[in-house]
Amino acid sequence: MSFLRIRELVRKEFIQLFRDKRNRPILIMAPLIQILIFGYVVNFDITSIRVALLDHSRTVESRTIIDTFSANRMFQITNVVDDPKAMEELLLRGKVDIGIKIGPDLARKIRRGETAEIQILADGTVSNMTAIRVSYVMTVLERLNRQFLRDIYSVQMTYGRIDARLRTWYNPNLYSRHFFVPGIVAFVVMLISLLFTSMAVIKEKEGGTMEQLIVTPMKPYELIMGKTIPYIIISLIQMVIVTILAVYWFELPIRGSLPLFFLAICLFLISTMGIGLFISTISATQQQAMMTTFFFIQPSFLLSGFVFPIANMPVVVQWLTYLNPFRYILVIIRGIFLKGVGLDVLWPQYTALTILGLAVFTAAVLRFHKRLD
Amino acid sequence: MQSTNNDAIQVQDLEKRFGKFVAVNKVTFSVRKGEIFGFLGSNGSGKSTTIRMLCGILTPTSGQGTVAGYDIFRQPEEIKQSIGYMSQKFSLYEDLSPFENIRFYLGIYNVSPTLWAERISWVLDMTQLGDVRDRLTRELPQGWRQRLALGCALLHKPDILFLDEPTSGVDPLTRQHFWDFIRQLASQGITIFVTTHYMDEARHCERIVMINQGSIVAAGSPDEIISQACPDTQNADLNDAFITLMKN
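Those protein sequence lines, which keep their order, are chains A and B.
Under my numbering, residue 373 is the last one in the first sequence; the count climbs by one each step, no gaps.
Under my numbering, residue 1248 is the last one in the second sequence; the count climbs by one each step, no gaps.
Structure below.
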């Protein structure tokens, strides 16, 4: 192995990378845009629920219900209507998220000790948001029921109560930001390492420069090192930038070990570099390589648990996710950052990442050698 | 064919098959040190396959041979270190400057950095690219780029220089300069192995081998080949000989 040869290969790669102006936006903007989008824009947090109200009861009881909702900061009663048609119209136009209909017999039924119905209409087009909104409504109504019980019967119940004291661990305020941002670190690393590694090899083939390299005494593994080292360095720099942004800008906690996190990223890089090299052996042009890269990134993003829980996927697809390195790095990063756990908990992910990385990289290198002859 | 220590290249019964297809059919020839050797053949004649075997890129199916004293089966890496190669297609980095290309190939050929300064100025001087050493190669005229490619192939002071159709698409004047330069290199003891489509160029060669459908059909000096191939034609030239030999 010639250190000189690898050094010059790496130097040449850097010169070409930074000389091509088209690369600059990808190198600088891609990580920034990713983290800003997932830090600010993609958000499952519900801060306000718009409510349309229809009260045909107009009693103390219905007034209590309305007051309880308007006193809750989560709810904004944006419209009070008299006509059920008008409420439908508001939901249809997306002006409100929830409609609450109180019928004329509410007070009568409650006072008689019967169960009174309130109709809750919810816009279900964004299903998971709706589920959360409805559960907020239910919580409020639950509290109201207890209040009615106390007020009406005015008795201190001798029976004890269960008081659920909720403590959400690892992400106490349930910020979706804390769920997404750690994954961005890995995503940016994956994007850069995959794309640039495959492109760098294809560029030599497309430009005919590979032909000249083959007649030199350079060994295939030296070429592979020359093509991967620059992008390992760049990926690691990107990782540091994104991590700093995540921690200082988005206030992501680091509860676990940074060296362990660094180790995980390095293991992850073995897989992505391997896939990058592999893509370079199956593509003839840079466009093909780019298309193949995105064709690969899309499913590995969706089937990773980054946004959608793996447990909700069909079983066969769940098996597929075991082949996805992104799946493991996500568990590791979230574990390290949010839970502060170490190898004692994460060793299965580290093992899987190592095995997967070595397998993919070896296969890619073998194929790379074969294509070179 | 007689082989002596004065041979830069010698091959015997060299064969290359791709599956059932015989690309090169047991060819035997030798190239003397310091000579300009022409290797002619039509497209698909097995010319490129032979060159690729000699350069250590392809492993022959059978036969034997040495290039620069190294065995083509067992020592392809040593062969690669002892030869320079320039293809018809410009295959240096167009987004690098001549200087950066030179520096890159010095590294690739593992030339000791203590020699770099001397080699760089030697090559820039020889190729007359000193004034444009920091321009992008992409911006240089084709003849200049050709000179740069040749310069880069000589950086590690190879014993043998392989030129695969080096002058296709180059204007006659530049070709003339190119051949002057090639003769100069040969006079310094570098063996030149060249393929070309231009028969007037082939006359620059001291000896020629013609290959057709994987087999050698003629060998010798240009004059010998002409008289062999066209014994009955008056004033026959190498073009006539080539056409006659490739027809069969």
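Idealized CB from N, CA, C, for every residue including glycine.
message = Quick check: what's the CA-CA separation for Gln1184 of chain B versus Ile1190 of chain B?
response = Approximately 9 Å, taken between the alpha carbons.
ask   = Which full runs of the alpha helix (DSSP H) of 4+ residues lie inside the stretch 252-296 of chain A, going along the chain?
value = Given a length threshold of 4 residues, each whole run of the alpha helix (DSSP H) inside the stretch 252-296 of chain A is given here in chain order: 258-282.
ask   = Given 8 Å as the limit, is there contact between the stretch 139-148 of chain A and the stretch 299-311 of chain A, that is, 3 or more CB pairs closer than that?
value = No, the stretch 139-148 of chain A is not in contact with the stretch 299-311 of chain A.
query = Can you check whether the CB of Leu106 of chain A is closer than 8 Å to the CB of Thr59 of chain A?
reply = Result yes, Cβ atoms of Thr59 of chain A and Leu106 of chain A sit closer than 8 Å.
task = Assign Arg255 of chain A to buried or exposed, taking buried as 16 or more other Cβ atoms, counted over all protein chains shown, within 10 Å of its Cβ.
result = So Arg255 of chain A ends up on the exposed side.
query = Which chain A residues are close to Arg1103 of chain B, counting only those with a beta carbon under 9 Å from its beta carbon?
reply = Within 9 Å Cβ-Cβ: Glu8, Arg11, Lys12.
request  = Under the assumption that Ile192 of chain A contacts Ile224 of chain A (Cβ atoms under 8 Å), give the Cβ distance between them as a whole number of angstroms.
outcome  = Ile192 of chain A to Ile224 of chain A, Cβ: 17 Å. No contact.
request  = State the start and end residues of the unbroken alpha helix (DSSP H) segment that holds Glu1015 of chain B.
outcome  = Note, Glu1015 of chain B: premise wrong, no alpha helix (DSSP H); beta strand (DSSP E) at 1007-1018.
Contact with chain A by Gln1081 of chain B, beta-carbon distance below 8 Å = Gln1081 of chain B counts as touching chain A.
query = Considering only the beta carbon of each residue, do Ser1091 of chain B and Gly208 of chain A sit closer than 8 Å?
reply = Yes. Within cutoff.
query = If you draw a straight line from the alpha carbon of Asp45 of chain A to that of Thr1137 of chain B, how long is it in whole angstroms?
reply = Our two residues, Asp45 of chain A and Thr1137 of chain B, have alpha carbons roughly 55 Å apart in a direct line.
inquiry  = Between the stretch 361-370 of chain A and the stretch 263-275 of chain A, can you find at least three pairs of beta-carbon atoms closer than 8 Å?
reply    = Taking one beta carbon from each stretch, the stretch 263-275 of chain A and the stretch 361-370 of chain A have 3 or more pairs nearer than 8 Å; the two touch.
task = To the nearest angstrom, report how far apart Ile1211 of chain B and Leu1040 of chain B are at their CA atoms.
result = Approximately 6 Å between the Cα atoms of the pair.
request  = Quick one: list the residues of chain B neighbouring Gly208 of chain A, beta-carbon separation under 8 Å, in chain order.
outcome  = The contacting residues are Ser1087, Lys1089, Phe1090, Ser1091.
request  = For Leu4 of chain A, go through chain B and note every residue whose CB falls closer than 8 Å to its CB, in chain order.
outcome  = Within chain B, the residues near Leu4 of chain A are Gly1107, Asn1110, Pro1113.
Limits of the unbroken beta strand (DSSP E) element including Met1126 of chain B = It is not in any beta strand (DSSP E) - Met1126 of chain B instead sits in the alpha helix (DSSP H) that spans 1116-1127.
request  = Indicate the three-state DSSP secondary structure (helix, strand or coil) for Asp1095 of chain B in the structure shown.
outcome  = In the three-state DSSP reduction, Asp1095 of chain B falls in the coil class, being neither helix nor strand.
request  = Could you tell me whether the stretch 1002-1016 of chain B touches the stretch 1061-1076 of chain B, using the rule of 3 or more Cβ pairs below 8 Å?
outcome  = Contact between the stretch 1002-1016 of chain B and the stretch 1061-1076 of chain B is present, because at least three Cβ pairs lie under 8 Å.
query = Looking at the C-beta of Leu1096 of chain B, does it have a partner C-beta in chain A at a distance below 8 Å?
reply = Closer than 8 Å: yes.
task = Note the first and the last residue of the continuous beta strand (DSSP E) segment covering Ile1216 of chain B.
result = Element bounds for Ile1216 of chain B: 1215-1220.
query = Between A:Phe75, A:Phe3, A:Asp163, which lies nearest to Arg133 of chain A when the distance is taken from Cα to Cα?
reply = Looking at the Cα atoms, A:Phe75 is the closest of the given residues.
query = For Gln1002 of chain B, does the count of other Cβ atoms within 10 angstroms reach 16, so buried, or fall short, so exposed?
reply = Since pLDDT at Gln1002 of chain B reaches only 41, below the 50 mark, its modelled position is unreliable, and no value is offered.
task = Note down the Cα distance separating Ile26 of chain A from Lys205 of chain A, rounded to an integer number of angstroms.
result = Their backbone Cα atoms lie some 22 Å apart in a straight line.
query = Of the residues A:Val189, A:Leu149, A:Ile28, which one's Cα is nearest the Cα of Gly113 of chain A?
reply = For the residues A:Val189, A:Leu149, A:Ile28, the minimum Cα distance to Gly113 of chain A belongs to A:Leu149.
ask   = What span of residues does the alpha helix (DSSP H) with Ser1030 of chain B cover, start to end?
value = The continuous stretches of alpha helix (DSSP H) do not include Ser1030 of chain B, which lies in the beta strand (DSSP E) extending over residues 1021-1032.
ask   = Checking contacts by CB at 8 Å: is Pro230 of chain A closer than that to chain B?
value = With 8 Å as the cut-off, Pro230 of chain A does not count as an interface residue toward chain B.
query = What are the boundary residues of the alpha helix (DSSP H) that Lys203 of chain A is part of?
reply = Its alpha helix (DSSP H) spans residues 176-206.
task = Check the Cβ-Cβ distances between Ile1057 of chain B and every residue of chain A, and say whether any is below 8 Å.
result = Yes, because at least one Cβ of chain A sits closer than 8 Å to the Cβ of Ile1057 of chain B.
inquiry  = Quick check: Lys339 of chain A and Glu13 of chain A, are their CB atoms within less than 8 Å of each other?
reply    = Taking 8 Å as the Cβ cut-off, Lys339 of chain A and Glu13 of chain A do not qualify as a contacting pair.
request  = May I ask which residues mark the beginning and end of the alpha helix (DSSP H) holding Ile232 of chain A?
outcome  = Unbroken alpha helix (DSSP H) run through Ile232 of chain A: 220-244.
request  = Determine the burial state of Tyr40 of chain A: buried for a count of at least 16 other Cβ atoms within 10 Å of its Cβ, exposed for fewer.
outcome  = Tyr40 of chain A comes out exposed.
Gly335 of chain A, DSSP secondary structure in three states = Gly335 of chain A: helix per DSSP, three-state reduction.
query = Any beta-carbon of chain A closer than 8 Å to the one on Met1001 of chain B?
reply = Reliability of the predicted coordinates at Met1001 of chain B is poor, the pLDDT of 41 falling under 50, and no value is obtained from them.
message = Out of B:Thr1114, B:Ile1102, B:Ala1023, B:Gly1056, which one is the CA nearest neighbour of Arg11 of chain A?
response = By alpha-carbon distance to Arg11 of chain A, the top candidate from B:Thr1114, B:Ile1102, B:Ala1023, B:Gly1056 is B:Ile1102.
ask   = Whose C-alpha, out of B:Ser1112, B:Leu1054, B:Asp1180, is nearest the C-alpha of Ile1079 of chain B?
value = Ile1079 of chain B has its Cα closest to that of B:Leu1054, out of B:Ser1112, B:Leu1054, B:Asp1180.
query = Anyone know if the C-beta pair for Leu1238 of chain B and Met1199 of chain B falls short of 8 Å?
reply = Closer than 8 Å, so yes.
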